[in-house]
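Mapped onto the UniProt record's numbering, the consecutive letters of the sequence shown carry residue numbers 1 to 76.
Glycine residues also receive a C-beta, built at the ideal position from the N, C-alpha and C atoms.
This structure is a prediction, so every number in the text was calculated from the model and none was measured.
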Amino acid sequence: TDATGEVHNLITDQQFPAGVYREFEANWEDEGSTPFHEVADVVFEAHAEGHRHYTLALLLSPYSYTTTAVVINAHQ
1 TDATGEVHNL ITDQQFPAGV YREFEANWED EGSTPFHEVA DVVFEAHAEG HRHYTLALLL
61 SPYSYTTTAV VINAHQ
């Protein structure tokens with residue numbers, strides 16, 4: 001991520017087909033915490049081929065998590 005916590009140009013249009021995406025990472029082990037939730041899945045479905053602008057925010061603590069998303073057509 002950059003200084004604002006964002007990732008830009010992660011993949012190309014050809015590398016991002018329509019489908020269901022799932023990302024999982026255990027990040028609390030490095031902090032020495034034992035989290036209540038072992039997994040915080042961020043799962044979303046891309047409904048169209050090609051590149052759209054996805055902003056996915058995941059806020060984590062050892063005992064809770066929440067997500068929000070903004071999706072816009074980057075070709076407008």
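Distance from the Cα of THR68 is smallest, within the candidate group GLU29, ASP41, ALA18 and ASN9, for ASP41. Contact between the stretch 2–11 and the stretch 30–40 is absent: fewer than 3 CB-CB pairs across the two stretches fall below 8 Å. Taking 4 residues as the shortest admissible run, the stretch 1–69 contains no complete alpha helix (DSSP H) segment at all. In this structure, THR55 keeps its C-beta atom at 9 Å or more from the C-beta atom of VAL43. PRO62 and GLU6 have their C-alpha atoms spaced approximately 22 Å apart.
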